[in-house]
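Enquirer: In this note's numbering, the protein residues as written are 9 to 372.
The beta-carbon is built from N, C-alpha and C at its ideal position, and this holds for glycine as well.
Please see the structure below; I have some questions.
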């Protein structure tokens with residue numbers, strides 16, 4: 009059941025009624041989270057999409073810093089089905105749409121070249137979550153993914169909480185339980201442009217990026233990790249110190265050619281597995297807006313919107329290639345087929361938990 013509580017007065021220029029409809033027998037809605045500073049985030053329970061994020065620049069001017077659409081109808085027909093959504097059961101790619109678990113081979117839908125991407129044909133981005141707005145700053149989403157859905161084993165019960173803190177951070181907490189051994193790799197797929205939505209959305213190539221990772225997972229020509237954990241040192245993949253995204257993006261480097269830019273999983277430097285620690289930072293130098301990312305996950309996928317094709321989004325904005333940066337906190341791609349990668353197996357007697365924080369700020 010969807011709790012219809014939602015703030016009425018908002019900086020966000022979207023109409024709630026444009027997100028209220030029935031999809032597969034369940035009601036959808038738009039929920040506004042607002043903190044004491046006036047920062048606001050809009051979320052729909054269809055796919056858990058983060059629809060809008062209103063944050064100030066160094067002059068105090070607010071802008072919406074995520075790509076998105078103005079209505080649920082647009083989300084249902086978008087050319088980019090993960091434009092700010094929750095992703096599951098398995099974020100990123102599984103080679104050949106196959107994996108073996110406890111001696112049994114499972115076959116999934118192929119929806120990205122020869123591979124399965126982001127949970128298959130109807131991933132968590134394309135289902136209606138039960139929603140309850142707990143208070144002005146917190147939204148709880150629940151979904152039961154039944155045994156066999158998209159080919160995955162086990163009835164998987166998931167809870168995701170979006171909380172907007174008073175230090176301007178979107179805190180995303182996940183937990184899940186299964187009644188049968190399964191695999192799980194959840195993430196959030198917001199497309200950030202800290203300059204803000206505009207008629208001609210600017211490139212993110214001038215954004216300054218830092219990633220707290222000495223290594224990454226190189227991929228093959230169809231974006232499946234080779235299995236190597238490779239050092240970033242001496243390559244255009246090295247963001248251990250700040251670089252603009254565009255500085256080396258067109259380098260004649262095989263990995264960047266394969267991805268048409270950055271679309272790679274970074275192996276985060278961790279003192280211990282599961283610790284909540286700094287992953288990455290983006291600075292938009294013109295506005296001064298910043299984004300810091302923290303996560304309990306072992307990796308973060310850097311994606312620079314290489315396949316955006318100029319389609320229309322909110323407020324009449326257009327989204328050409330490289331007009332957004334995604335920092336998807338997660339386990340590594342194709343982990344079910346790479347035993348030396350951190351495990352993504354969830355057993356019936358375990359509780360899956362993870363946390364991701366997107367913290368917004370400004371620099372002078």
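Take the Cβ of residue 184 as the centre, count every other Cβ of all protein chains shown within 10 Å, and call the residue buried at 16 or more, exposed below.
Expert: For the purposes of this step, residue 184 is taken as residue 176 along the chain shown, with counting starting at 1. That one is buried.
Enquirer: How about residue 298 and residue 369: do their beta carbons lie closer than 9 Å?
Expert: Position 290 of the chain shown, counting from 1, holds the residue named residue 298. Position 361 of the chain shown, counting from 1, holds the residue named residue 369. Their beta carbons are under 9 Å apart, which means residue 298 touches residue 369 by this criterion.
Enquirer: Identify the continuous beta strand (DSSP E) that holds residue 291 and give its terminal residues.
Expert: As a working mapping, residue 291 is identified with position 283 in the chain shown. From DSSP, the beta strand (DSSP E) with residue 291 extends over 285 to 291.
Enquirer: Can you tell me which of the three DSSP states residue 22 falls into?
Expert: Taking the chain shown and counting its residues from 1, the one referred to as residue 22 is at position 14. Note: residue 22 maps to coil in three-state DSSP.
Enquirer: Considering only the alpha carbon of each residue, which of 264, 232 and 274 lies closest to residue 248?
Expert: Counting from 1 along the chain shown, the entry for residue 248 is found at position 240. Of the candidates 264, 232 and 274, the one whose C-alpha sits nearest the C-alpha of residue 248 is 274.
Enquirer: What separation, rounded to the nearest whole angstrom, lies between the Cα atoms of residue 18 and residue 177?
Expert: Position 10 of the chain shown, counted from the start, is the residue given in the question as residue 18. Position 169 of the chain shown, counted from the start, is the residue given in the question as residue 177. Distance between the alpha carbons of residue 18 and residue 177: 18 Å.
Enquirer: Under three-state DSSP, which class holds residue 71?
Expert: For the purposes of this step, residue 71 is taken as residue 63 along the chain shown, with counting starting at 1. Residue state, collapsed to three classes: strand.
Enquirer: Could you say which of 204, 261, 271 and 25 lies nearest to residue 232 if we only look at CA atoms?
Expert: One-based indexing of the chain shown puts residue 232 at position 224. Each of 204, 261, 271 and 25 was checked against the Cα of residue 232, and the nearest Cα belongs to 271.
Enquirer: What are the uninterrupted segments assigned as beta strand (DSSP E) that are 3 or more residues long and contained completely in the region 88 to 162, given in chain order?
Expert: 106 to 109, 112 to 115, 138 to 143 and 146 to 153
Enquirer: Residues in the same chain with beta-carbon distance under 6 Å from residue 169, minus the five sequence neighbours each way, listed in chain order, please.
Expert: Residue numbering aside, residue 169 sits at position 161 when the chain shown is read from its first letter. Answer for residue 169: 148 and 181, listed in chain order.
Enquirer: Using the DSSP secondary-structure output, state which residues sit across from residue 307 in a beta bridge.
Expert: Sequence index remark: in the chain shown, residue 307 carries index 299 (1-based). Answer by DSSP bridge pairing, in chain order: 275 and 338.
Enquirer: With a Cβ-Cβ cutoff of 9 Å, do residue 75 and residue 209 count as a contact?
Expert: Mapped onto the chain shown, residue 75 falls at position 67. Mapped onto the chain shown, residue 209 falls at position 201. In this structure, residue 209 lies closer than 9 Å to residue 75 by Cβ.
Enquirer: From the DSSP output, read off the bridge partner residues of residue 297.
Expert: Residue numbering aside, residue 297 sits at position 289 when the chain shown is read from its first letter. Per DSSP, 370.
Enquirer: I'd like to confirm the pairing. Which residues does DSSP put opposite residue 259 in its beta bridges?
Expert: Taking the chain shown and counting its residues from 1, the one referred to as residue 259 is at position 251. Beta-bridge partners assigned by DSSP to residue 259: none are found.
Enquirer: Do you know offhand how far residue 301's Cα is from residue 167's?
Expert: Indexing the chain shown from 1 puts residue 301 at position 293. Indexing the chain shown from 1 puts residue 167 at position 159. If you take the alpha carbons of residue 301 and residue 167, they lie about 21 Å apart.
Enquirer: Can you tell me where the beta strand (DSSP E) holding residue 222 begins and where it ends?
Expert: Taking the first residue of the chain shown as 1, we reach residue 222 at position 214. That run of the beta strand (DSSP E) goes 221 to 224.
Enquirer: Which first and last residues belong to the alpha helix (DSSP H) in which residue 83 is found?
Expert: As a position in the chain shown, residue 83 is number 75, starting the count at 1. Run containing residue 83: 80 to 84, per the alpha helix (DSSP H) assignment.
Enquirer: Is residue 12 buried or exposed, if buried means 16 or more other CB atoms sit within 10 Å of its CB?
Expert: Taking the first residue of the chain shown as 1, we reach residue 12 at position 4. Unreliable placement is indicated for residue 12, whose pLDDT of 43 sits below 50; the coordinate value is still reported in the next sentence. With fewer than 16 Cβ atoms within 10 Å of its Cβ, residue 12 is classed as exposed.
Enquirer: Could you say which of 87, 250, 336 and 193 lies nearest to residue 366 if we only look at CA atoms?
Expert: Position 358 of the chain shown, counted from the first residue, corresponds to residue 366. It is 336 whose Cα lies nearest to the Cα of residue 366.
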